[in-house]
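Below is one structure, written out as structure tokens, with a few remarks after it.
2 protein chains.
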Amino acid sequence: MATTDDDRRPKYQRIADSLREAIQSGDYGPGDRLPGENDLMTTHGVARMTARQALSVLRDEGVAEARKGAGVFVRAFRPIRRRSIERLARDQWGNGRSIWSADIENRALEVDRITVSEETAPDRISTVLNLTADETTCVRRRRFVLDGKPVLLATSYLPIPLVAGSAITQEDTGPGGTYARLAELGYEPVHFREEIRSRMPSKDEVAQLAMSAGTPVILICRTAYTDTGHPVEVNEMTLDAASYVLEYDFDANPRTTPTNG
Amino acid sequence: MATTDDDRRPKYQRIADSLREAIQSGDYGPGDRLPGENDLMTTHGVARMTARQALSVLRDEGVAEARKGAGVFVRAFRPIRRRSIERLARDQWGNGRSIWSADIENRALEVDRITVSEETAPDRISTVLNLTADETTCVRRRRFVLDGKPVLLATSYLPIPLVAGSAITQEDTGPGGTYARLAELGYEPVHFREEIRSRMPSKDEVAQLAMSAGTPVILICRTAYTDTGHPVEVNEMTLDAASYVLEYDFDANPRTTPTNG
Numbered sequence: 001m002a003t004t005d006d007d008r009r010p011k012y013q014r015i016a017d018s019l020r021e022a023i024q025s026g027d028y029g030p031g032d033r034l035p036g037e038n039d040l041m042t043t044h045g046v047a048r049m050t051a052r053q054a055l056s057v058l059r060d061e062g063v064a065e066a067r068k069g070a071g072v073f074v075r076a077f078r079p080i081r082r083r084s085i086e087r088l089a090r091d092q093w094g095n096g097r098s099i100w101s102a103d104i105e106n107r108a109l110e111v112d113r114i115t116v117s118e119e120t121a122p123d124r125i126s127t128v129l130n131l132t133a134d135e136t137t138c139v140r141r142r143r144f145v146l147d148g149k150p151v152l153l154a155t156s157y158l159p160i161p162l163v164a165g166s167a168i169t170q171e172d173t174g175p176g177g178t179y180a181r182l183a184e185l186g187y188e189p190v191h192f193r194e195e196i197r198s199r200m201p202s203k204d205e206v207a208q209l210a211m212s213a214g215t216p217v218i219l220i221c222r223t224a225y226t227d228t229g230h231p232v233e234v235n236e237m238t239l240d241a242a243s244y245v246l247e248y249d250f251d252a253n254p255r256t257t258p259t260n261g
Numbered sequence: 001m002a003t004t005d006d007d008r009r010p011k012y013q014r015i016a017d018s019l020r021e022a023i024q025s026g027d028y029g030p031g032d033r034l035p036g037e038n039d040l041m042t043t044h045g046v047a048r049m050t051a052r053q054a055l056s057v058l059r060d061e062g063v064a065e066a067r068k069g070a071g072v073f074v075r076a077f078r079p080i081r082r083r084s085i086e087r088l089a090r091d092q093w094g095n096g097r098s099i100w101s102a103d104i105e106n107r108a109l110e111v112d113r114i115t116v117s118e119e120t121a122p123d124r125i126s127t128v129l130n131l132t133a134d135e136t137t138c139v140r141r142r143r144f145v146l147d148g149k150p151v152l153l154a155t156s157y158l159p160i161p162l163v164a165g166s167a168i169t170q171e172d173t174g175p176g177g178t179y180a181r182l183a184e185l186g187y188e189p190v191h192f193r194e195e196i197r198s199r200m201p202s203k204d205e206v207a208q209l210a211m212s213a214g215t216p217v218i219l220i221c222r223t224a225y226t227d228t229g230h231p232v233e234v235n236e237m238t239l240d241a242a243s244y245v246l247e248y249d250f251d252a253n254p255r256t257t258p259t260n261g
């Protein structure tokens, strides 16, 4: 571990560190107002610019947020807990519940935008889905909102040869959603692969997810496979990282995982 | 929430955004040469300084890299693929291999810093490990380096009542590492929970992981449980998000997951 030479750190950094520690130890809870520039100037005997820099360090880290005219506040982190493995258990979508319902417990996650279209998929998707050059996909784009705040963009790709004529090509896929319809079509998804990355959002993602400054996105690419290892859906998700904790529970001796893809 | 007013964004920023989107959509692939300053001046009708600033935004984000005399290129993203579930299968650590070996295939991930100490754990850890107020933990802090670049910080907490006197309290834990020693002590870890978040790094994390500007960290908190649901280790990991893809493979009907924690 690097040891920090305290004496060499700039003053604004040391003030930011002490505030961060006070937040982490719970002296300031989510939503609490932090000391303002004037307070910090008095307490630490520093110039206004130094106090301002200290607070901007915490803002840049996403630990605190400024509210116009009111000061700087500890950002409330009340994340959605996304339990992938439990969430995708067949028992859940098999009896008509949305696969999203377990994520949010009592909080209302709603789709506020949806488009469904037939498109030639990008190469990376066609490759995973083993599509020939003339096979198109059903593309379902959705935005999910929690308490009025957009938190997730999801784009699903399903091969048209598999899903043509089914409710999957409609905005409303019916009870149990896409996976229940796939099961009815003889393509029950039983294996899943989720790949996770994180990066800063693009301008378009900042706008669509109404993201705060200094907040990354989490990318999840989920591929669903039948019991013969046939890939039937790729879902590319973009999550506001300030809104989510992902959880994976698993055993030391896993079952056979999909060999395909 | 910050919303972006397009017209107010400086021109170099808008050019950077359009190039970034072209990279993310695959118009420019890894290793491809991006348009140069002259190209951007012509295409966007801007001064050389504006074109240069646009390219430097992408360099600062780690999306692109300059090669002397040759131009600016899309940085190859050659991440470490971390397969949690496969990686923790007992077969692997059970016969003396490090749990890290599957991550990196032929690439050399090394521990370049390690400290082991006995400490009172922070409250969040003590709670998960069900420790009483007077029970301390063995704290193992490690930094992992790939090809000379630090990519991961890991801090493991293990209850002293469980591990006192074992090789777990030494820098070198011996063949198979901590989990093999826990098995010998009668605390074989068989269930795992991983919780994942992402945020911008602190200054200290930027320094320790030698991170590029505009790159978030991924946080993984892994708890290991015995077959009776007894938590035996919490490992808090901080990953350079530019260096990692996390992968989780699982089935629609998962096995029983730990009920504890």
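These protein sequence lines map, in sequence, to chains W and Y. Quick note: the first sequence uses the UniProt record's numbering, first residue 1, plus one each step. Quick note: the second sequence uses the UniProt record's numbering, first residue 1, plus one each step. C-beta atoms are modelled at their ideal positions from N, C-alpha and C, and glycine is treated no differently.
Identify the contact partners of residue i in chain W, using a Cβ-Cβ distance below 7 Å as the criterion.
i: Ala133 (chain Y); result: Within chain W, no residue comes near Ala133 (chain Y); the closest Cβ sits about 17 Å away, beyond 7 Å.
i: Arg140 (chain Y); result: Going along chain W, no residue has its Cβ under 7 Å from Arg140 (chain Y), so there is no contact; the nearest lies around 11 Å.
So residue i is in the alpha helix (DSSP H); what residue range does that whole segment cover?
i: Met49 (chain W); result: Arg48 to Asp60
i: Leu182 (chain Y); result: Gly177 to Glu184
i: Arg9 (chain W); result: First-last for Arg9 (chain W): undefined, no H or E at that position.
Please classify residue i: does DSSP put it in a helix, a strand, or coil?
i: Leu239 (chain W); result: strand
i: Arg67 (chain W); result: strand
i: Asp147 (chain W); result: coil
i: Pro122 (chain Y); result: coil
i: Pro231 (chain W); result: strand
i: Val72 (chain Y); result: strand
i: Thr158 (chain Y); result: In the sequence on display, residue 158 (chain Y) carries Leu and not Thr. If DSSP states are grouped into helix, strand and coil, Leu158 (chain Y) belongs with the strands.
i: residue 275 (chain W); result: The question about residue 275 (chain W) has no answer, for chain W in this structure spans 1 to 261.
i: Ser166 (chain W); result: coil
i: Leu16 (chain W); result: With the sequence shown as reference, residue 16 (chain W) is identified as Ala, and Leu is not the correct amino acid for it. Correct three-state label for Ala16 (chain W): helix.
i: Glu21 (chain W); result: helix
i: Ala207 (chain Y); result: helix
i: Thr173 (chain W); result: coil
i: Thr127 (chain Y); result: helix
For a contact meaning CB atoms closer than 8 Å, what does residue i contact in chain W?
i: Ser84 (chain Y); result: Tyr248 and Phe250
i: Ala241 (chain Y); result: Arg197, Ser198, Arg199 and Pro216
i: Glu171 (chain Y); result: Per Cβ cutoff of 8 Å: no residues; Glu171 (chain Y) is ~13 Å from chain W at best.
i: Glu118 (chain Y); result: Those do not exist, as Glu118 (chain Y) stays about 15 Å from chain W at its closest Cβ, beyond 8 Å.
List, in order along the chain, the chain Y residues whose C-beta lies closer than 7 Å to that of residue i?
i: Val151 (chain W); result: Chain Y residues near Val151 (chain W): none, gap ~11 Å exceeds 7 Å.
i: Gly29 (chain W); result: In chain order: nothing, as chain Y lies at least about 14 Å away.
i: Gly62 (chain W); result: Arg199 and Met200
For residue i, which beta-bridge partners are listed by DSSP?
i: Ser202 (chain W); result: The partner list for Ser202 (chain W) (beta bridge, DSSP) is empty, contrary to what the question assumes.
i: Glu194 (chain Y); result: W:Tyr248 and Y:Arg222
i: Leu109 (chain W); result: W:Leu146
i: Val116 (chain W); result: W:Arg140
i: Leu152 (chain W); result: W:Phe144 and W:Leu239
i: Arg33 (chain Y); result: Y:Phe73
i: residue 262 (chain W); result: With chain W running from 1 to 261 in the structure shown, residue 262 (chain W) is simply not present.
Chain Y partners of residue i, CB-CB under 8 Å?
i: Gln13 (chain W); result: Lys203
i: Ala245 (chain W); result: A quick correction: the sequence has Val, not Ala, at residue 245 (chain W). By Cβ distance, chain Y contributes Glu195, Ile196 and Arg197.
List the residues of chain W whose Cβ lies closer than 9 Å to the Cβ of residue i, in chain order.
i: Gly45 (chain Y); result: Residues of chain W passing the Cβ test: none, with the nearest at roughly 20 Å.
i: Gly26 (chain Y); result: Pro122, Asp123 and Arg124
i: Glu21 (chain Y); result: Ser202, Lys203 and Asp204
i: Asp17 (chain Y); result: Ser202, Lys203 and Asp204
Could you give the residue range of the beta strand (DSSP E) that holds residue i?
i: Ile80 (chain W); result: Ile80 to Arg83
Q: Please list the residues of the region 189 to 210 of chain Y that have a C-beta atom closer than 7 Å to any C-beta atom in chain W, keeping them in chain order.
A: Pro189, Val190, His191, Phe192, Arg193, Glu194, Glu195, Ile196, Arg197, Ser198, Arg199, Met200, Ser202, Lys203, Asp204, Ala207 and Gln208
Q: With 7 Å as the C-beta to C-beta threshold (strictly closer), list the residues of the region 210 to 225 of chain Y near chain W in chain order.
A: Gly214, Pro216 and Ile218
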